[in-house]
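Here the structure comes first, spelled out in structure tokens, and everything after it is commentary.
In full-length UniProt numbering, the protein residues as written are 1 to 332.
Quick look at the structure:
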């Protein structure tokens, strides 16, 4: 921390704030509050105290570095990873004559409270299968998870927006029903959105039949075609930031609203959202982390046939064919 703060001040910053990359709820409002307090002459150091006794944010004024010379001392004498970290930090700062203020105690570390900040919202477009029963059964078996089911109009864009309206979190991740998120997906989301200039992200796309436990579910030829398709998609990331809905698009709620939310289309709603996001900043594809999706449609219809259809859909979109017309072509 001392090194990062020293670097910021050496580069000319008057104020510097560090946030934890493993904290789920840091928002623009919290950062604005921290910077506002630091601008006050009564605050030279700002700390965001976490419920576990640590802190999720620390900020300093340049005057502290000028007075102390180096900042290493302000972080010494603290027993890290204990419930007294924040309290001890305040004491050390006071001994050095640094005026400290605290932000509200609202956050916890990701590792200690996964279920406290992640909510699962299943958005159904009026299906007549057993979706509702499966959701209720899953919720009953996992009482500690926050799970909600909402029903909306048909059409993927409308369903995604209906789910987003019910969400209470700072960040949103949109996942298709047949997708399986990677381990520590939440950490990848937070780290990606913390990168300067990055306003949204998505994972790379992998297929279930290429996983070790499912390789016997299709022929080696289909597997080879799927792998080649993955390589082609990976190469395309060098030239475009386009992501599709099956890649788990994620962004802050603020960005979601700024991008205009998903258009109410039956198809291409994800592609248009990606186009809109690119107008506001960088959409990063996490190339080495995969969402695992079902390959059943590709196996049934043929890998290259599906790829050709997808290319025709994108072409149609760019020559102004309405997405609902494309949906009729796609769904038959």
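By construction, the Cβ of each residue, glycine as well, lies at the ideal position given by its N, Cα and C atoms.
query, result
"Host alpha helix (DSSP H) of residue 342 (start-end)", "Coverage of the chain is limited to positions 1 through 332, which leaves residue 342 absent and any answer about it impossible."
"Span of the beta strand (DSSP E), counted from its first residue to its last, around residue 47", "45-50"
"Backbone CA spacing between residue 144 and residue 121 [nearest angstrom]", "14 Å"
"For residue 188: DSSP bridge partner residues", "Residue 188 pairs with nothing; no bridge assigned."
"Residue 125 to residue 153 span [Cα, whole Å]", "5 Å"
"Cα-Cα separation between residue 255 and residue 219, rounded to whole angstroms", "42 Å"
"Endpoints, the alpha helix (DSSP H) within which residue 131 is located", "131-141"
"Own chain partners of residue 75 with C-beta closer than 8 Å, once the 5 adjacent residues on each side are dropped", "1, 2, 89 and 92"
"Neighbourhood of residue 290 by C-beta, 7 Å cutoff - its chain only, sequence neighbours within 5 removed", "182, 203, 204, 205 and 206"
"For residue 7, three-class secondary structure by DSSP", "helix"
"Coil, strand or helix - residue 251 by DSSP", "strand"
"Cα-Cα separation, residue 35 to residue 10", "18 Å"
"C-beta contact flag for residue 245 and residue 303 at 9 Å", "no"
"Assigned exposure category for residue 259 - 16 Cβ within 10 Å defines buried", "buried"
"Assigned secondary structure, residue 56 (DSSP; H/G/I helix, E/B strand, else coil)", "strand"
"Unbroken alpha helix (DSSP H) run spanning residue 95, endpoints", "85-95"
"Cβ pair residue 6, residue 71 closer than 9 Å", "yes"
"Per DSSP, the bridge partner or partners of residue 282", "198"
"Reference residue 296, options 167, 326, 208 and 129, closest by Cα", "208"
"For residue 336, the nearest candidate out of 301, 96 and 45 (CA to CA)", "What is shown of the chain runs 1 to 332, which leaves residue 336 out entirely."
"Beta-carbon contacts of residue 159 that lie in its chain and below 8 Å, excluding the five residues immediately before and after", "123, 124, 125, 152 and 153"
"Buried/exposed call for residue 300, threshold 16 Cβ in 10 Å", "exposed"
"Segment limits, alpha helix (DSSP H) that includes residue 167", "From DSSP, residue 167 is part of no alpha helix (DSSP H); its letter is neither H nor E."
"Nearest-angstrom Cβ-Cβ length linking residue 252 and residue 193, presumed shorter than 8 Å", "6 Å"
"Cβ neighbours of residue 55 in the same chain (closer than 7 Å, five flanking residues each side left out)", "47, 48, 49, 85, 86 and 89"
"Continuous beta strand (DSSP E) stretch holding residue 150: start and end", "146-151"
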